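Take the sequence shown: its letters are residues 74 to 997, numbered as in my numbering.
Cβ atoms here follow ideal geometry from the backbone N, Cα and C, with glycine treated the same way.
The structure displayed is predicted, hence computed values, not measured ones.
One structure below.
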Amino acid sequence: MSTDAPNKMKETKMDTIKLTINGRETIVKKGATVLEAVLEAGVYIPTLCYDSDLKPYGGCRLCVVEIERMRGLVSACTTPATDGMVVRTETPKVNQSRRITMELIIANHHGDCLACAKNQDCELLKIARYLGIEQDRVDRLRKSTQELPVDDSHPAFVRDLNKCILCAKCVRACHEVVCHDAIDIAFRGNSARIATFGDKPIAESVCKSCGECVARCPTGALVPKWEKLPATEVKTICPYCGVGCSLYLGVRDNEVVSVRGDPEGPANKGSLCVKGRWGYGFINHPERLTMPLIRIPGVPRGAGQDGKVHEIFREATWDEALELAAKKLLELKQNYGPDNIAALSSAKCTNEDNYVMQKFVRAVLGTNNIDHCARLCHASTVVGGIAAFGRGAMSNSYSDFEKTELFFIIGSNTTECHPVIGSIIKRRVRFGGAKLIVADPRSIELSEYAAVRLPHNPGTDVALINGLMHVIIREGLENKEFIRERTEGFEELRQLVEKYTPEAVEAVTGVPRADIRAAARLFGETKSACILYSMGITQHTTGTDNVKSVANLLLLTGNMGREGTGFSPLRGQNNVQGACDMGALPNVYPGYQRVDDPTVRMKFETAWGCKLSDHPGLTVTEIADAILKGDIKGLYVMGENPVLSEPNLEHFKQALEKVELLIVQDIFVSETAWMADIVLPGAAFAEKDGTFTNTERRVQRVRQAVLPPGEAKPDWEIISVLAGKMVKPFGYQTASQIMDEIASLTPIYGGIHFDRLDRGGLQWPCPDSSHPGTRFLYQDGFARGRGKFHAVDYIAPAESISKGYPLVLTTGRILEHWHTGTMSRRANVLSELRPSGVVEIHPSDAAKLKFVEGDVVVVASKRGRVEVPVHITEKSPPGVVFMSFHWREAPANILTNDALDPLAKIPEYKVSAVNAVRRRKKPR
Ligand code: SF4
Ligand code: SF4
């Protein structure tokens with residue numbers, strides 16, 4: 074049966090009750106509060122502490138109502154609605170009580186309303202007016218003295234507790250929604266006030282800067298520093314990670330002046346993390362590219378890093394720059410053949426940009442040498458997922474997590490890299506009774522929530538998962554019916570894992586055998602489990618094996634194709650799923666249709682009106698070697714920064730110094746653009762229309778909010794014009810036309826058109842215009858028929874520690890920054906919060922090496938060395954050091970190993986052997 078049929082769900086009859094509100098009958102769900110029933114009836118009721126996302130609090134006492142057969146006035150928000158209840162919301166007694174309460178609240182509030190940033194949007198003032206308390210009465214009531222100091226320590230927001238009305242929305246949001254627990258109500262009675270843990274200034278506290286508290290504050294007690302009142306708001310998608318949070322950009326005078334999480338956003342329901350909330354300074358940054366640039370003759374490649382742009386490049390018109398690019402590309406094609414040119418597309422760009430780029434490479438340049446950074450993060454997911462299930466994408470949805478009883482997180486620092494998903498997991502464990510297993514060499518935030526923690530040695534994932542499966546099979550906890558009905562290859566797996574006894578696995582992984590047994594039992598005995606993973610699984614020479622192991626464990630326990638279960642690879646960048654879907658890969662056209670399948674190729678040749686190459690192209694990790702061998706002469710890079718993101722950077726830089734033609738299209742002069750011959754200014758996400766596809770396969774609309782700076786243009790438009798200068802223009806007028814062409818050629822996107830995406834987007838597969846999209850995959854069968862077990866044996870990482878290199882370096886991201894920092898480091902709030910990188914080292918290693926906190930040390934591998942300050946922490950275990958790769962001043966990828974997974978060609982970023990020594994003082 075087709076796996077592209079819409080999901081079938083069991084309908085449950087809703088249990089309802091009937092009550093009378095102000096004389097009118099209202100039907101609501103059983104379990105609703107009186108306030109929810111009143112709101113459902115469309116009746117306004119003033120409240121300052123109620124929030125539908127938070128537990129009832131009953132703090133402000135403004136929502137009091139009269140209820141027949143109940144004495145006195147009751148708080149509607151804390152009183153359960155019952156069948157037959159008769160409620161009155163606007164009696165003289167109610168109104169008098171509300172007015173007295175409100176006057177008391179105002180009397181405890183200090184502030185000059187006219188000077189308050191919240192003046193236009195203050196809930197306190199709105200309710201005061203509703204209750205007939207005029208502004209002069211407000212002014213007379215409120216305190217004239219400011220008793221508490223204003224906390225201005227945070228770069229993004231100010232906290233003025235003199236304006237706080239103690240509704241505790243901020244405290245509850247921090248605890249219940251994002252589960253960061255950074256603030257609480259301190260002291261009692263008249264002294265009660267909001268405080269951080271330890272009563273520190275916010276910037277020095279454990280606050281994660283997510284701004285959830287700021288977004289929910291009804292007064293001017295918590296206000297953003299940078300926001301202005303917008304003239305209009307435009308709904309779009311966050312440009313950072315693959316969670317795909319929906320948000321509103323506030324715009325005034327062609328400038329983004331505010332950001333608000335979209336309460337209807339299917340991924341985030343209004344929440345945003347620090348990057349999505351505050352990370353927009355890059356849009357109007359003075360370093361934005363505004364004109365095409367051409368390298369000044371005689372200035373050598375590589376010169377100019379951190380130099381002045383105008384000493385390296387001269388400005389050009391679009392016509393001149395694109396004529397030159399077209400001429401040079403045509404010369405290379407004619408002189409050396411199409412396979413001597415390669416291109417990198419971009420997971421930061423829209424689906425439409427990526428579709429047009431891969432079409433340009435295939436139809437105009439005539440090669441399949443197109444790849445992008447998915448190669449460096451989830452290529453092994455695509456290969457392993459297709460081998461096991463027939464598709465390499467996340468099988469389930471965030472909404473499924475609400476039904477998941479057990480989360481197994483392996484190789485994902487979810488709260489830092491996918492923060493909004495991290496909060497969903499924390500909420501499910503804290504309030505929903507879900508259990509959590511965390512397998513990670515480092516001590517990550519989610520470890521604190523885990524029922525079982527498996528801190529395995531870096532690169533031993535296959536051994537660990539084989540050990541879990543050994544116990545599950547030995548104890549008869551495998552799902553026999555699922556294995557029989559829906560899988561193949563079980564016997565080979567069973568035989569292989571026989572040798573992975575907990576004792577043997579403990580010896581390899583370092584995880585105590587008792588914990589391996591405990592985790593296996595928990596996983597085997599739980600009905601609905603899913604596995605979330607990220608680059609801790611994929612970025613290994615055994616990345617594909619690791620993904621197949623994850624798939625094995627899910628198939629073994631029947632945790633696929635049902636609500637609450639599934640395979641959840643968390644994609645790194647905002648549109649890495651979409652860039653893969655669009656065929657920005659060397660072996661597949663859009664929708665994973667193989668370039669070496671003649672029928673598929675003929676379909677694209679007919680649609681695009683040209684002959685296409687019949688063999689797969691080179692991956693990004695193969696391109697550097699091909700340049701150095703002289704097999705690639707020209708490279709076109711759109712929106713990527715391989716000079717910081719590739720492993721073994723010096724090797725990649727040598728290749729870029731040698732390549733005959735380098736064209737870079739970006740929004741800034743990135744580290745890669747500094748080396749280019751021609752630089753083309755692209756539009757940022759806020760300046761163009763299109764779509765992003767998030768990690769749960771949801772295609773969502775990106776909308777233009779502001780005009781691009783200077784002459785910058787959307788990437789698809791630049792490439793279409795360039796195609797015209799080489800052969801003929803693609804002729805698209807709008808991004809919507811491009812999506813229509815994608816839909817016509819890509820079965821999984823067949824029903825996706827812009828006019829269907831306004832309400833939360835659509836999840837592929839969506840094969841036709843009447844299809845509602847697919848929440849979870851494989852309900853009726855796998856895309857490859859049966860799910861396939863792969864018997865994978867443990868293979869050690871490519872590089873192991875030695876006397877000269879006694880430490881394991883593992884790399885990753887941190888909460889405040891993203892990828893190579895091109896955008897996040899130009900967002901002033903983010904760069905103020907985290908201005909520079911560090912190497913994290915365990916106290917025992919630091920003591921041996923005589924490092925003290927903040928020492929600048931030299932970390933070296935066989936490939937190179939970097940100088941970086943040290944941070945001593947127990948997060949990394951003894952023998953393991955951690956660096957993030959966002960920093961050009963301390964580029965971790967100088968050190969990383971470029972050994973590749975043989976199938977997915979993904980490098981082993983997660984395990985490199987290094988040493989660390991104190992930097993020698995310079996002689997005076
Ligand atoms: S910004 Fe986020 S973490 Fe910090 S106090 Fe507010 S809700 Fe809590
Ligand atoms: S979780 Fe990801 S998508 Fe959501 S706001 Fe943060 S960076 Fe943006």
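{"Item": "Should N988 be labelled buried (16 or more other beta-carbon atoms within 10 Å of its own) or exposed?", "Value": "buried"}
{"Item": "Got a sec? Which residues, its chain only, sit under 6 Å from R674 by beta carbon, not counting five neighbours each side?", "Value": "L685"}
{"Item": "Tell me which residue opens and which closes the beta strand (DSSP E) that F855 is part of.", "Value": "From DSSP, F855 is part of no beta strand (DSSP E); its letter is neither H nor E."}
{"Item": "Roughly how many angstroms separate the alpha carbons of R992 and K923, rounded to a whole number?", "Value": "12 Å"}
{"Item": "Just jot down, in chain order, the residues whose CB lies closer than 5 Å to any heavy atom of ligand 2.", "Value": "C311, Y313, C314, V316, C318, L345, C346, K348, G349, P492 and V493"}
{"Item": "Quick one: is H688 buried, meaning 16 or more other Cβ sit within 10 Å of its Cβ, or exposed?", "Value": "exposed"}
{"Item": "Looking only at its own chain, which residues have a Cβ that is under 6 Å from the Cβ of A977, when we skip the five neighbours before and after it?", "Value": "A452, S453, V456, G616 and T617"}
{"Item": "Can you tell me where the alpha helix (DSSP H) holding Q169 begins and where it ends?", "Value": "P165 to A180"}
{"Item": "Where does P840 land, buried or exposed, given buried means 16+ other C-beta within 10 angstroms?", "Value": "buried"}
{"Item": "By how many angstroms is the C-alpha of G262 removed from the C-alpha of L717?", "Value": "55 Å"}
{"Item": "Spatial neighbours of P820 within its chain, please: C-beta separation below 7 Å, excluding the five flanking residues on both sides.", "Value": "G664 and P840"}
{"Item": "Alpha helix (DSSP H) containing C653: first to last residue?", "Value": "V649 to D654"}
{"Item": "Do you know offhand how far C653's Cα is from N95's?", "Value": "56 Å"}
{"Item": "So, are the CB atoms of R464 and Y662 less than 9 Å apart?", "Value": "no"}
{"Item": "Going by the DSSP bridge assignment, what does M82 pair with across the sheet?", "Value": "DSSP, once it has assigned bridges, lists no residue as partnering M82."}
{"Item": "Would you mind working out which of A728, E913 and A746 sits nearest I736, comparing C-alpha positions?", "Value": "A746"}
{"Item": "Leaving out five residues on either side along the sequence, give the residues of the same chain with a beta carbon under 6 Å from the beta carbon of L903.", "Value": "G352, E889 and S897"}
{"Item": "Please report the residue range of the alpha helix (DSSP H) in which F480 lies.", "Value": "Run containing F480: none in the alpha helix (DSSP H); it sits in the beta strand (DSSP E), L479 to I483."}
{"Item": "What residue range does the alpha helix (DSSP H) around T582 cover?", "Value": "P575 to T582"}
{"Item": "So, under 8 Å CB-CB, G293 and C133 are touching, yes? Tell me the CB distance rounded to an integer number of Å.", "Value": "With a Cβ gap of about 17 Å, G293 and C133 do not count as contacting."}
{"Item": "Using only alpha-carbon positions, find the residue among K476, D698 and A340 that is nearest to T768.", "Value": "A340"}
{"Item": "In or out: G506 buried (at least 16 other Cβ within 10 Å) or exposed?", "Value": "exposed"}
{"Item": "Please confirm whether T638 and N469 have their CB atoms less than 9 Å apart.", "Value": "yes"}
{"Item": "Could you compute how far the alpha carbon of A756 sits from the alpha carbon of M956?", "Value": "31 Å"}
{"Item": "Name the one or two DSSP bridge partners that E285 has.", "Value": "Beta-bridge pairing links E285 to no other residue."}
{"Item": "Out of Y573, C280, K298 and D739, point me to the one whose CA is closest to V865's CA.", "Value": "Y573"}
{"Item": "Is the closest heavy atom of ligand 1 to the C-beta of E285 under 8 Å?", "Value": "yes"}
{"Item": "If you measure from the CB of S282, is any heavy atom of ligand 1 nearer than 8 Å?", "Value": "yes"}
{"Item": "May I ask you to check if the CB of A259 is nearer than 8 Å to at least one heavy atom of ligand 1?", "Value": "no"}
{"Item": "Do you know how far the Cα of E475 is from the Cα of M82?", "Value": "15 Å"}
{"Item": "Is V332 near ligand 1, with its Cβ less than 8 Å from a heavy atom?", "Value": "no"}
{"Item": "Rounded C-beta distance between V330 and P297? I'm assuming under 8 Å.", "Value": "At roughly 10 Å, the Cβ-Cβ gap does not stay under 8 Å, so V330 and P297 are not in contact."}
{"Item": "For F725, report the span of its alpha helix (DSSP H) as first-last.", "Value": "L722 to K731"}
{"Item": "Hey, would you say C283 sits closer than 9 Å to L345, going by beta carbons?", "Value": "yes"}
{"Item": "Who are the Cβ neighbours of T692 in its own chain at under 7 Å, not counting the five residues just before and after it?", "Value": "D444, R448, P659 and K978"}
{"Item": "Quick check on this structure: which residue in A149, T106, K236 and E277 has the alpha carbon closest to the alpha carbon of A255?", "Value": "E277"}
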